[in-house]
Every structure is written in structure tokens, then in C-alpha cells.
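Report on the following structure.
This is how it looks when you write it as C-alpha cells:
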């Protein structure tokens, strides 16, 4: 059973919405396993999957490392270029230091261009990042799909050692069928394309819905835990991602969009002020005119930088994707709660399709937008 953060423990305006995040839907951490064992010891022996845990942890770290590198290159290139353009606009106001300020501005612009070029051309690194991320999320899906398609066996394994051995053999076969992440990096272009519902299933034989298992006390326990692990944890995750922190995609997207709308107006206003000053007799080389033009240039550079950040980091797309995903998961959970045994199984299967469509949308946003004309 996963630990769910307090609902009112918000991260604040500048806090990380996932700081201290404790949900662990596939029991990666020892505290999560201890919590489950304290409440449902019999279920721990069927829900804990050490081999999958080891594989997931081994490849999750490289995916996060490649993601941080990609993000830093993008942020660094935009920040350097914007700072260089802004500094260049104010260089004429620096008096005797104008040449030095101009040189610093040129260096910043060159650094921004160089970082942007590396970011743009570093296709293999981005493919490795997305390949590793796709694979780790497919491992998460494998965990739940193996459970969903073997609910009767899982329930039996809670009380019977022979069934437990059969369950462990079944999940070992499922894990062996998952492609290695190195094989996926070259397929990212395809994974950024259209997706069909049948593709959600790691094993093709899972596409047809199985018959509902026989009711039992153990099955009720498994279904209750799956509700928490598969639905509740994802809803809590998206709620935090769509929170009010400026580090959450929705708020960042809104802030960037507001800045992108305000700064161009400020640039026009400053340029207009410079024109009016010259019409009233102020010399073009005068301090007031040069200051107004510098402000106009800085505002224009800031607006361009915000536009590039929104497009490159996919802030708007991520915010929209999280909103869709959260709503879809809530609908699936409602179906699970309202359904009989067959309805609960159908809702769990629908959750796998939702999760896969979200994963493919993530890959497409961070690959196709840059590399496909």
C-alpha cells in the first residue's frame, strides 16, 4: 500500500510539487514494502517483485540523468542568449565601459548559440533519455498488467505456495518479454507517432480481456490494494503536478504565457516612448532615448526567451497532458468503484490504455516537435 501525502501539504509558490513525494506504486522502497507488510502481510509476497524492482531502479537513474542534461542545455542556451541580447541593448549606456559590456554581450550570445546547437543536434542523447524513460514506464505498466491479467492466480498465491511458484514463473516470463532500453532508443521516432489501444499491452496475448476470476477474500484484498496503487497514486501525482507551485507545469505554463503576452507590449511601449522623445527634440544619442530603446530590446529578448522556453520545455503541452490524464484516471477509478467484478477488471484494463496513451503523448511532445518538420 502506498503512502499518500497530506492533502494540505502544498509545496508553496516556489516549492517543488514533488519534493518529499512518498507514493511508491510498485513497491520500490523498503518503507513502502514495510507499510504493506504491516497491513496485508499475505499480499506482500505476491505484490513485491524484486526482479522488476532491480531492473527499474537500474534504468530509472539514467533516464533522469539524461532528462536533467537535456533540460539544462535548453535552459542554458535560452538564458545566455536572452542575457546577451539584453546586455547588448544596455551597452550604449555604459559610457567608457561600453566596449567591455558589448564584448560580454557578444560572448553570452555566442554561448547561447553554441549550447542551442548542441541541444538541437544531440539527437542520440535525447533518444537515450526517451528510450530509458519509455522503458521504465513500460516496466511500471508490466507490473500492473501482469497483476491485472492474472488476478485469480495472484489471489490464490496469497494462500497457496504452489500457486505462488506458478505466479513467480508467470511474472518472470512477462519480464523477459520486455525489450531492453537500448533497443528502444532507435524506435523513438516510431513511438512518437500514432498509437492504437492494443499497443498498450506488453504481451500481445493480454489484448483480449480475460474472464473475471472467482470471488474470494484474497481477491478483494488485491483489488483494494490495486485501487490504491494504480488509481489513487496517479491521481495524487497529477494533482501535485497541476498545483499552484511555479515549478508545476500548469502554473509555469500560465506564468510563461502571461510574460509572453506582457513583454511584447512593454517592448512596443518603450519603443514608442523612444520615438516620442525624439519627436519632442531629444537627440537619438541622448540618454533617455537610448534607455527607452534598451528597455524595448530587453523586453523583446525576454518575450522571445519565454516563447522558446514554453516551446522547448513543452510547458503548455505537459500541463494539458496532465489535465487530460488526471481526468481520465478519475473516470476509470469511478468505473472501478461502481462496477462488479467484471467492471473492476475492465476499469483496470482501461487504466493501462490511459497510461500508455499518456506515455506516448509524452514521447511525441519531446521528440516529434523538434525533429519532424
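Residue numbers (our numbering): 352 to 724. Think of the CB as a built atom: it goes at the ideal place given N, C-alpha and C, for glycine as much as any other residue.
task = Excluding the 5 residues preceding and the 5 following residue 586 in the sequence, name in chain order all residues of the same chain whose CB lies nearer than 8 angstroms to its CB.
result = Answer for residue 586: 677, 680, 681 and 684, listed in chain order.
| query | residue 584 by DSSP, collapsed to three states: which one? | reply | Under the three-state reduction of DSSP output, residue 584 falls in the helix class.
Worksheet entry | N- and C-terminal bounds of the alpha helix (DSSP H) containing residue 386 | Per DSSP, residue 386 belongs to the alpha helix (DSSP H) from 381-390.
If I'm right that residue 483 touches residue 530 with Cβ under 8 angstroms, what's the distance once you round it to whole angstroms? Actually they are not in contact, since the Cβ atoms of residue 483 and residue 530 sit about 12 angstroms apart, beyond 8 angstroms.
Check: Hey, how far is the Cα of residue 609 from the Cα of residue 629?
Finding: Their Cα atoms are separated by approximately 31 angstroms.
Practice item. Report the rounded CA-to-CA distance for residue 707 versus residue 515, giving the unit in angstroms. Key: Straight-line Cα distance between these residues: approximately 28 angstroms.
The alpha helix (DSSP H) spanning residue 636 covers which residue range?
-> That residue, residue 636, is in no alpha helix (DSSP H); it is neither H nor E in DSSP.
Practice item. Would you kindly report the start and end of the unbroken alpha helix (DSSP H) that includes residue 507? Key: That run of the alpha helix (DSSP H) goes 502-508.
C-beta contact flag for residue 652 and residue 436 at 8 angstroms: Yes, the Cβ-Cβ distance between residue 652 and residue 436 is below 8 angstroms.
Would the beta-carbon of residue 466 fall within 8 angstroms of that of residue 493? No, they are not a contact pair.
*asked:* Please identify the residue among 638, 556 and 669 whose C-alpha is closest to the C-alpha of residue 593.
replied: For the residues 638, 556 and 669, the minimum Cα distance to residue 593 belongs to 669.
Could you spell out the range, first to last residue, of the alpha helix (DSSP H) harbouring residue 572? Annotation: the continuous alpha helix (DSSP H) that includes residue 572 extends over 568-577.
Is there contact between the stretch 518-527 and the stretch 453-465, where contact requires at least three CB pairs shorter than 8 angstroms?
In this structure the stretch 518-527 does not lie against the stretch 453-465, because fewer than three pairs of beta carbons, one per stretch, are closer than 8 angstroms.
Can you check which of these residues, 673, 702 and 675, is closest to residue 687 by C-alpha distance? The shortest C-alpha separation from residue 687 is found at 702.
- Task: Taking 8 angstroms as the cut-off, decide whether the C-beta atoms of residue 622 and residue 642 are in contact.
- Result: Taking 8 angstroms as the Cβ cut-off, residue 622 and residue 642 do not qualify as a contacting pair.
Nearest CA to the CA of residue 614: which residue from 563, 646, 584 and 636? Of 563, 646, 584 and 636, the smallest CA-CA separation from residue 614 is found for 646.
Practice item. Helix, strand or coil for residue 669, going by three-state DSSP, please let me know. Key: Helix.
What are the start and end residues of the alpha helix (DSSP H) that includes residue 552? Element bounds for residue 552: n/a, residue is neither H nor E.
Supposed contact pair residue 572 and residue 391 - C-beta distance, whole angstroms, cut 8 angstroms: Right, their Cβ atoms sit about 6 angstroms apart.
query: Hey, quick one: how far does the alpha helix (DSSP H) through residue 376 stretch, first residue to last?
result: First-last for residue 376: undefined, no H or E at that position.
Report task. Could you check the C-alpha separation between residue 625 and residue 640 for me, to the nearest Å? Result -> Looking at the two C-alpha atoms, the distance is approximately 5 angstroms.
Which residue spans inside the stretch 424-456 form an unbroken beta strand (DSSP E) run of at least 3?
Correct list: empty.
Look at the alpha carbon of residue 398 and the alpha carbon of residue 545, and state the distance between them as a whole number of angstroms.
Looking at the two C-alpha atoms, the distance is approximately 33 angstroms.
- Query: Using DSSP with H/G/I as helix, E/B as strand and the rest coil, what is residue 565?
  - Reply: Coil at residue 565, not helix or strand.
Q) Would you call residue 589 buried or exposed, if buried means 16 or more other Cβ atoms sit within 10 Å of its Cβ? A) A residue is called buried once 16 or more other Cβ atoms fall within 10 Å of its Cβ, and residue 589 is buried on that count.
*asked:* Let me check understanding here. Comparing Cα to Cα, which of 387, 537, 584 and 501 lies closest to residue 696?
replied: For the residues 387, 537, 584 and 501, the minimum Cα distance to residue 696 belongs to 501.
* To do: Give a yes or no on whether the C-beta atoms belonging to residue 552 and residue 496 are separated by under 8 angstroms.
  => Yes. Within cutoff.
Checklist entry - Is residue 709 helix, strand or coil by DSSP? => result Three-state result, residue 709: helix.
Which word fits residue 382, buried or exposed, when buried means at least 16 other C-beta atoms lie within 10 angstroms of its C-beta? Counting Cβ neighbours within 10 Å, residue 382 comes out exposed, since fewer than 16 surround it.
Out of curiosity, what's the CA-to-CA distance linking residue 519 and residue 510?
Taking the straight line joining both Cα atoms gives about 14 angstroms.
(Q) Can you give me the C-alpha to C-alpha distance between residue 498 and residue 505, rounded to a whole angstrom? (A) Rounded to whole angstroms, residue 498 to residue 505 spans 7 angstroms at the Cα level.
Quiz prompt | Beta-carbon contacts of residue 710 that lie in its chain and below 7 angstroms, excluding the five residues immediately before and after | solution = Excluding sequence neighbours, residue 710 sits near 485 and 488.
Contact defined as beta carbons within less than 8 angstroms: I believe residue 404 pairs with residue 379. What is the distance between those atoms, to the nearest angstrom? With 8 angstroms as the limit, residue 404 and residue 379 qualify as a contact, their Cβ atoms being about 6 angstroms apart.
Discussion item. Please classify residue 627 as buried or exposed, where buried requires at least 16 other C-beta atoms within 10 Å of its C-beta.
Written reply: Flag for residue 627 reads exposed.
query = If you run the structure through DSSP and keep just helix, strand and coil, what is residue 617?
reply = In the structure shown, the three-state DSSP call for residue 617 is helix.
ask   = Of the residues 407, 388 and 481, which one's Cα is nearest the Cα of residue 715?
value = The option with the nearest alpha carbon to residue 715 is 481.
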